[in-house]
Every structure is written in structure tokens, then in C-alpha cells.
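At position 48 of the sequence shown the residue is numbered 48 (UniProt numbering), and the sequence of numbers has no breaks.
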Amino acid sequence: MALPMKAMKAAMKVMKAKAMKTVMKKATKKVMKKAMKKVMKKVMKKKAMKVSKVAKGKLAKVVVFKGGKEKTKAGLKKSDLVKSKTGKIVSRKQHAQGKKAYSRIKAWTDACQKARKDLGIKGFVAIKKGTAFYKAAKAIYTA
């Protein structure tokens, strides 16, 4: 009978040790979790979102022209923008291209306007070859 008791005591010792081990593991886990939480909070601090320097949308050019943003989505800076005579903010290069393109037909439009005034034309009249309006405009244009 003494032998089973000794064996029982040894078994109990092992069981107690196992139970203590699991209890201690749980306790240390809790403590470690708390400690890690503090450390991780410091490390993983959320950074504030970076403010964009690029203007997007319908009023992008206006925002850049007024100095609200650095450049447009297409990369236009304030130095690349200009205000047209109608008050629109447009690309300086495109504005110059448009002026250059119009300069080629300006003489003809001026001739047509003068011919309309001379002939007393009001409203829409087509400039067809052979009409008095066309002949008058052509005469002014070539003169």
C-alpha cells in the first residue's frame, strides 16, 4: 500500500507542476500582452495624412492660380497659367497657341465684318461664292 501512495505523491507533484506551469503561462501572457500593447501603441502611432499639393477637379487651375495648391493634376504651376480676357484661367501655352491660330484668319473675319456693315446685313447670312456678300468680303480682304 505504501508503494501506490508514493506513486500517487509523485503523480500529484507532476500534476501540480503542470497546473502551476499553465497558470504561470497565462499570468505572464497577460502581463506581456499589456506591456506589448503600450510599446505597440507608441510604435504604431497613426501619422496624420499628408496634405496634397496637387489640385484636382473642375477648379484645379483656379486653386493653383490663387495659390491654394502647388500644381494641377496635369503638372501646371502658377507660372504656367494666365487669365484670359473672358476671365477664365487657362494654360499659358494653350492661350498662345489659340492666339497664333486666330491670327491667321483674323484678316478674313475683319473683312467679313466690314462687308456686313457696308451691305447693312443683319442676322445670319451664309458666305457663298457668287453672292454679293462674298464678293464684298473678298474685295476688302484682298485690298
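Virtual Cβ for every residue (Gly too), placed ideally from N, Cα, C.
Per-residue DSSP class, three states only, for residue 51: Counting from one through the sequence shown, the residue named residue 51 turns up at place 51. DSSP, reduced to helix, strand and coil, places residue 51 outside both helices and strands of the structure shown, so it counts as coil.
Counted within 10 angstroms of its Cβ, other Cβ atoms place residue 76 as buried (16 or more) or exposed: Start at 1 with the first residue of the sequence shown, and residue 76 comes out as number 76. With 16 or more Cβ atoms within 10 Å of its Cβ, residue 76 is classed as buried.
Beta-carbon proximity of residue 55 to residue 30, cut-off 9 Å: Locating residue 55 in the sequence shown gives position 55, where the first residue counts as 1. Locating residue 30 in the sequence shown gives position 30, where the first residue counts as 1. Taking C-beta atoms as the reference points, residue 55 and residue 30 fail to come closer than 9 Å.
Contact check, residue 115 vs residue 89, beta carbons under 9 Å: Counting from one through the sequence shown, the residue named residue 115 turns up at place 115. Counting from one through the sequence shown, the residue named residue 89 turns up at place 89. Between residue 115 and residue 89, the C-beta gap is not smaller than 9 Å, which leaves the two residues out of contact.
Among 135, 49 and 83, nearest to residue 63 - alpha-carbon criterion: What you label residue 63 is simply residue 63 of the sequence shown in a count that begins at 1. The residue with the shortest Cα to Cα distance from residue 63 is 83.
For residue 44 and residue 23, the rounded distance between their alpha carbons: Position 23 of the sequence shown, counted from the first residue, corresponds to residue 23. Position 44 of the sequence shown, counted from the first residue, corresponds to residue 44. Whole-angstrom Cα-Cα distance: 31 Å.
Residue 118 and residue 136 closer than 9 Å at C-beta: As a first step, residue 118 is located in the sequence shown; it is residue number 118 there, counting from the start. As a first step, residue 136 is located in the sequence shown; it is residue number 136 there, counting from the start. The answer is yes: Cβ separation under 9 Å.
Residue burial classification, residue 60 (beta-carbon count within 10 angstroms, cutoff 16): In the sequence shown, the residue the question calls residue 60 occupies position 60. Burial state of residue 60 is buried, judged by a 10 Å Cβ sphere holding 16 or more other Cβ atoms.
Through-space distance from residue 103 to residue 96, alpha-carbon basis: Within the sequence shown, the letter at position 96 stands for residue 96. Within the sequence shown, the letter at position 103 stands for residue 103. Each residue's alpha carbon lies about 11 Å from the other.
Inter-residue Cα distance where the pair is residue 27 and residue 20: Against the sequence shown, residue 27 aligns to sequence position 27. Against the sequence shown, residue 20 aligns to sequence position 20. Between residue 27 and residue 20, the C-alpha separation is close to 10 Å.
Continuous alpha helix (DSSP H) stretch holding residue 106: start and end: Reading the sequence shown from its first residue, position 106 is the one you call residue 106. It spans 106-119 - the alpha helix (DSSP H) in which residue 106 sits, taken as one unbroken run.
As assigned by DSSP and simplified to three states, the class of residue 90: Counting from 1 along the sequence shown, the entry for residue 90 is found at position 90. Correct three-state label for residue 90: strand.
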